[in-house]
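In the numbering used here, the protein residues as written are 530 to 760.
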């Protein structure tokens, strides 16, 4: 979820049609060439068949969250994944609590034995960075696990800052392969989605990391209901 000042200014003059609506589009946007997204570092994609997330409004894979203690930002993005895919395709992807077998298509979120077997070393990913990589019947969304330097600064929720690369992996994946955009808070109708009954992910392998060490949702705790009536 990478925005610039110009992106924010543009969203303020967009019509309400862009707000949490479903726009009819014949195809998914090209994953690397979307003109409104920042470029990423591309690697040679693996050789395997594309993986379907949904087909004709039905789920075709599961979601496995490998991180047993997801940060607040990652919890938000997991919820956004399920809801955005549902709004886009009418399919609700099931979340499983155990690592799925190799023959079951799955989105794997976070570092685990399967992602490491796919060649993703989270300790080599820069802080707040991530890797998106596919494998047969797999989409891996893995963020950095490098420890943050000691600091006394607290975030708005009163908890220590987290290395949220995995959350950004989920956000970037949704933007590039599901076609989601966030223009302002979801509670104010700021999520835009496409209508795609079938969502397919081609073989990909790319990474990204911020120039600045810290980036985050604002406000991190979200917007309480009723607080956005003036927007």
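Heads up, the beta-carbon is just placed ideally off N, CA and C, and yes, glycines get one too.
For residue 567, the three-state DSSP class (helix, strand or coil): By 1-based counting over the chain shown, the position of residue 567 is 38. For residue 567, the three-state secondary structure derived from DSSP is coil.
If you follow the beta strand (DSSP E) that residue 496 is in, where does it begin and where does it stop? Only positions 530 to 760 of the chain appear in the structure, and residue 496 is not among them; the question remains open.
What does residue 712 pair with, by DSSP beta-bridge criteria? Locating residue 712 in the chain shown gives position 183, counting from the first residue. For residue 712, which the question treats as bridged, DSSP gives no partner whatsoever.
Just tell me which of 662, 694 and 704 has its CA closest to the CA of residue 603. Counting from 1 along the chain shown, the entry for residue 603 is found at position 74. Selected option, being the one with the closest Cα: 694.
Please indicate yes or no: does the CB of residue 579 lie closer than 7 Å to some heavy atom of the ligand HEM? The ligand HEM is absent from the structure shown, which contains no ligands of any kind.
In whole angstroms, what is the alpha-carbon distance linking residue 671 and residue 703? Stepping through the chain shown from its first residue, residue 671 is reached at position 142. Stepping through the chain shown from its first residue, residue 703 is reached at position 174. Those two C-alpha atoms are separated by around 14 Å.
Counted within 10 angstroms of its Cβ, other Cβ atoms place residue 617 as buried (16 or more) or exposed: Taking the first residue of the chain shown as 1, we reach residue 617 at position 88. Answer is buried; the Cβ neighbour count reaches 16.
Could you give the distance in angstroms between the alpha-carbon of residue 730 and the alpha-carbon of residue 655? Looking up residue 730 in the chain shown gives position 201. Looking up residue 655 in the chain shown gives position 126. Residue 730 and residue 655 have their C-alpha atoms spaced approximately 25 Å apart.
With C-beta atoms as the reference, is residue 580 less than 8 Å away from residue 663? To locate residue 580, count along the chain shown from 1; it is residue 51. To locate residue 663, count along the chain shown from 1; it is residue 134. In this structure, residue 663 lies closer than 8 Å to residue 580 by Cβ.
Using three-state DSSP, classify residue 596 as helix, strand or coil. Here residue 596 refers to the residue found at position 67 of the chain shown. Coil.
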